[in-house]
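Accompanying notes for the structure given below.
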Amino acid sequence: GMSTSKPSVDTVLSGQVLVRLSQRDPMLDWYDGDPLLKVLENQESPPRTGGQSPLRVLMLGSRQEGAGASLIGRVVQGSAQRGTECLLRPGWRRLLVQRVRDPQSSSEGSIANPGDYVDLSVMPMPDYAAVNRSADASAGPQPLPISGLKSAALWGTSAGESQQWLVELRILELEESDQPKVVASSTVTVGRGFYGMLYFGAEAVGAEIIELIEALDLLTEVRSGLPTEALPGTLTQCIVKLRRPTALDTFSGGQLGRFVLRRAGHTVGVGKVVAAAVASG
């Protein structure tokens with residue numbers, strides 16, 4: 519039963535999310551769903567709105583090409599064409615698309631739309647902050663290092679930043695052979711004030727849990743409001759606060775937008791980014 523009082527942003531957000539949680543299709547559960555490539559294959563193409571969605575291209579491969587690079591991937595949303603400016607994550611390198619090609623035939627096209635596999639020829643753009651710091655500013659943009667592009671993605675330059683994000687969190691059972699379970703579970707309370715690192719592939723973001731909104735028991739499907747901590751066996755909605763405003767992925771299906779929550783080198787749980795949360799107060 520939804521409350522009839524005027525909902526705040528948070529309750530509107532969590533209301534939408536909980537509808538999705540309660541009617542969820544097991545195949546779409548991010549915490550035990552299909553591997554990324556299968557999700558990419560099955561990704562439904564959003565309507566072609568003339569590139570109004572921010573660009574997201576998930577990288578599948580790359581190779582050096584002169585001072586630039588050839589990036590092969592699949593467009594998940596938005597569109598890319600010659601002259602599109604984008605950001606390579608992790609690392610936030612600013613790139614300019616020079617050519618759009620078919621990865622199999624290498625024939626050149628004019629635009630890549632959602633669902634398309636694409637080979638983008640990109641060049642690094644001058645990073646003005648770095649240029650100003652560097653003594654040899656005349657050298658122009660540095661060549662693009664192509665190593666370590668695992669789980670990389672191209673983003674449109676309009677990606678929305680926020681310091682607070684609504685996330686779904688699933689704490690993992692801590693079963694370490696060398697210590698009793700009681701000790702393991704009593705040392706980590708994942709509640710308000712818990713600080714850990716969110717790992718998105720190779721990229722790590724520090725985050726503090728500032729609010730716990732709702733917990734869904736995965737076995738009984740019973741929901742409880744305002745839990746004091748996130749427990750194993752439940753899906754807990756939390757608001758996390760990052761060190762600084764950051765853009766995060768918020769895909770609704772499959773494995774996209776996932777992170778691993780770690781603290782002091784130990785994996786605590788897995789999670790999924792749902793939406794930017796408006797700071798209260």
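Quick note: the sequence shown uses the numbering used here, first residue 519, plus one each step.
Every residue, glycine too, gets a C-beta built ideally from N, C-alpha and C.
Simplified DSSP assignment, three categories, for residue 579: strand
Bounding residues of the beta strand (DSSP E) (the contiguous stretch that carries residue 642): 635–642
Nearest neighbour of residue 752, chosen from 789, 765 and 634 [CA to CA]: 789
DSSP beta-bridge partners of residue 781: 784
Reference residue 617, options 709, 607, 725 and 626, closest by Cα: 626
Cutoff 7 Å; reference residue 539; Cβ partners in own chain excluding five residues on either side: The predicted position of residue 539 is uncertain, since its pLDDT is 44 and thus under 50; no value can be drawn from it.
Distance, residue 607 Cα to residue 585 Cα: Each residue's alpha carbon lies about 18 Å from the other.
CB contact flag (residue 598, residue 638, <8 Å): Yes, Cβ-Cβ distance for residue 598 and residue 638 is below 8 Å.
Cβ pair count under 8 Å reaching 3, the segment 674–692 against the segment 736–756: yes
Sequence-distant residues of the same chain with beta carbon closer than 7 Å to residue 737, five excluded per side: For residue 737, the CB contacts under 7 Å within the same chain, skipping 5 residues up- and downstream, are 751 in chain order.
Opening and closing residue of the beta strand (DSSP E) in which residue 800 lies: The structure shown has nothing for residue 800, since the chain only spans 519 to 799.
Nonlocal neighbours in the same chain, by C-beta distance under 8 Å from residue 628, ignoring five residues either side: 599, 600 and 618
Where the beta strand (DSSP E) containing residue 673 begins and where it ends: 671–674
CA-to-CA distance, residue 575 to residue 587, given in whole angstroms: About 15 Å.
Same chain only: Cβ atoms within 7 Å of residue 676, ignoring 5 sequence neighbours per side: 572
Residue 619, DSSP secondary structure in three states: strand
Alpha-carbon spacing of residue 779 relative to residue 712, whole angstroms: The alpha-carbon atoms of residue 779 and residue 712 are separated by roughly 11 Å.
Nearest residue (CA-CA) to residue 613, options 591, 642, 633 and 722: Comparing Cα-Cα distances from residue 613 to each of 591, 642, 633 and 722, the minimum goes to 642.
Cβ-Cβ distance between residue 579 and residue 672 below 8 Å: Not closer than 8 Å, so no.
Where residue 595 falls, given that 16 or more other Cβ within 10 Å makes a residue buried: buried
Nearest candidate by alpha-carbon position, reference residue 633, set 624, 620 and 644: 620
Buried/exposed call for residue 602, threshold 16 Cβ in 10 Å: buried
Whole-angstrom C-beta distance between residue 710 and residue 729, which should lie under 8 Å: 7 Å
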